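2 protein chains.
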Amino acid sequence: MNKYKIVSIVLSVALLVHIVRLAWVFVAPSSGDGVSSASQTVLHNILQRKSVRAYTDRAVSHEQLDTLIRAAMAAPTGRDMRPWHFIVLEGRHQLSPLAEQLPYAKMLAEAQAAVVVCGDMSVTDKEGNPSRNWTFDCSAATENLLLQAEAMGLGAVWTGVYPYDERIEAVKQALHLPDHLIPLNVIPIGYPKGDPQPKDKYDPTKVEYRN
Amino acid sequence: MNKYKIVSIVLSVALLVHIVRLAWVFVAPSSGDGVSSASQTVLHNILQRKSVRAYTDRAVSHEQLDTLIRAAMAAPTGRDMRPWHFIVLEGRHQLSPLAEQLPYAKMLAEAQAAVVVCGDMSVTDKEGNPSRNWTFDCSAATENLLLQAEAMGLGAVWTGVYPYDERIEAVKQALHLPDHLIPLNVIPIGYPKGDPQPKDKYDPTKVEYRN
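In the order they appear, the protein sequences are chains W and S.
Under my numbering, the letters of the first sequence match residues 19 to 229, in that order.
Under my numbering, the letters of the second sequence match residues 19 to 229, in that order.
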């Protein structure tokens, strides 16, 4: 038998195996790199996001927190004002003063880190006025952060601060915030304890199609 | 030259091409199917989201709009009140009355569809009060919708309505909204015209790490 014939057969088999593996990448539901797959991954992540209120002892790294903040700052803002400021509390000892001031946010006591999303009133428009949309902008940024946390296997929960005066004061005092920063919420972060599940909140009575 | 030799060379090249492509699937930043990959896909989508203000003639299907609404309703809400209502305008003829009333939202005239995200004041707590957080909740829902639109290759943009009285009245009149619905924004939707690019809005001066 010609040695090139043998090489040809071996190469044919190898090529076939690779083609099948390559085809599988495009057929398998959760992989591949087409638009449809990215769309499904993003939707799955949105639907899987849940409020996580209990955390394990596993540490959350600075790099992970930095990624969350980068995701947050990619949100849209009214008139592109970006009227936000993020305070990242790294390490549990940073959380104690806040946990003491916010008895309703008990999960802070076992969180590994927290992000306080604030509106920055020192960011002003041409007329010198602060944003009238800062709570919307900071809410969209918070949602980005929560979604990215879910994608990274982290757990987090939005605990509201604004517009409740007593909570705003408690956070401002605990963190020694300057007057121009108004805390919208506090987001405790950690690896989820247990197996928290998302709610299915889809409700067809809350959508109206007009065509 | 031996014909098997030629076949061997051709097959070798084909095999090499396939190996390189396969390797690329695992090396490329947005593919693979591990946890890390899902995280990268989600982050990439968050960072790629941009405000799209010009659209092609390509139609947006009911199924696509339904997916966007399902994504929106997965957002968290204060005290789980879900104080929202979504009005989906399908087809361009539905957009004309709104486009006429909202001269600042000119892109509506060429959008294929639009979603009006409203707060529903008829959703009340045990004490009979509407949500004090409806604008935050609807903002988070809007961000989910915008992110899912990006993931599906659609373009969309948040055009603000609340808290501007004249815009609120214009939308309420154009859409004949009942008093308990307050429009937060109007989101025109279509396939992007041209090649809009996202802004890099990360700013290290807007984040403060405490450790």
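By construction, the Cβ of each residue, glycine as well, lies at the ideal position given by its N, Cα and C atoms.
What you are looking at is a predicted structure, and each value in this text was computed from that prediction instead of being measured.
Item, Value
"Neighbour list for W:R76 in chain S, Cβ cutoff strictly below 7 Å", "The contacting residues do not exist; W:R76 stays about 14 Å from chain S at best."
"W:A131 CB to nearest heavy atom of the ligand HEM below 6 Å", "Inclusion of the ligand HEM in the displayed structure is not the case, the ligand content being empty and no account of it being possible."
"Pair within 7 Å by beta-carbon distance, W:V25 and S:S79", "no"
"Proximity test, Cβ basis, 7 Å: S:R88 and chain A", "In summary, chain A is missing from the structure at hand, where the protein chains are W and S."
"W:I215, buried or exposed, once every other Cβ within 10 Å from all chains shown has been counted against 16", "One detail in the question is off: residue 215 of chain W reads as Gln in this sequence, not Ile. Result: exposed."
"Proximal chain S residues relative to W:Q166, where beta-carbon distance stays under 9 Å", "S57, V60, L61, I64"
"Exposure label - W:E108; buried when at least 16 CB within 10 Å", "buried"
"Cβ separation of W:W176 and W:L164, assumed to be a contact under 8 Å, to the nearest whole Å", "7 Å"
"Residue-chain proximity (W:I186, chain S), Cβ-Cβ < 7 Å", "no"
"Under 7 Å by beta carbon: chain W residues contacting S:N151", "G178"
"W:E128 at chain S interface by Cβ criterion, 7 Å", "no"
"Member of S:F104, S:T74, S:S57 whose CA lies at the smallest distance from the CA of S:D213", "S:T74"
"Start and end residues, beta strand (DSSP E) containing S:H103", "102-108"
"Test: S:A158 CB closer than 7 Å to a CB of chain W", "yes"
"Whole-angstrom distance between W:E161 and S:A90, CA atom to CA atom", "11 Å"
"Within-7 Å CB hit, S:K23 to chain W", "yes"
"Beta carbon proximity, S:E145 to chain W, threshold 7 Å", "no"
"Coil, strand or helix - W:S30 by DSSP", "helix"
"Residue(s) in a DSSP beta bridge with W:D138", "W:L199"
"Beta carbon proximity, W:R69 to chain S, threshold 7 Å", "As written in the sequence, residue 69 of chain W is Ser, which differs from the Arg given in the question. It does; some Cβ of chain S falls within 7 Å."
"Under 9 Å by beta carbon: chain W residues contacting S:G109", "R228, N229"
"Cα-Cα separation, W:A129 to W:L113", "8 Å"
"Cα-Cα separation, S:V106 to W:Y227", "5 Å"
"Closer than 9 Å at the beta carbon, the chain S residues around W:P181", "R150, N151"
"Given 8 Å, three or more beta-carbon pairs between the stretch 172-192 of chain S and the stretch 216-226 of chain S", "no"
"Reference S:K211; option with closest CA among S:L65, S:V189, S:R71", "S:R71"
"C-alpha gap between S:K217 and W:P121, whole angstroms", "39 Å"
"Limits of the unbroken beta strand (DSSP E) element including S:R228", "225-228"
"Three-state secondary structure (DSSP) of W:V25", "helix"
"Endpoints, the alpha helix (DSSP H) within which W:L116 is located", "114-119"
"Per-residue DSSP class, three states only, for S:T177", "strand"
"Residue interval of the alpha helix (DSSP H) (run including S:N162)", "152-169"
"Chain W contact for S:A117 (CB, 7 Å cutoff)", "no"
"Extent of the continuous alpha helix (DSSP H) run through S:A123", "Premise fails: S:A123 is in no alpha helix (DSSP H) and is neither H nor E."
"Where the stretch 197-222 of chain W meets chain S: residues whose CB sits under 7 Å from a CB there", "K219, Y220, D221"
"For W:A188, the three-state DSSP class (helix, strand or coil)", "helix"
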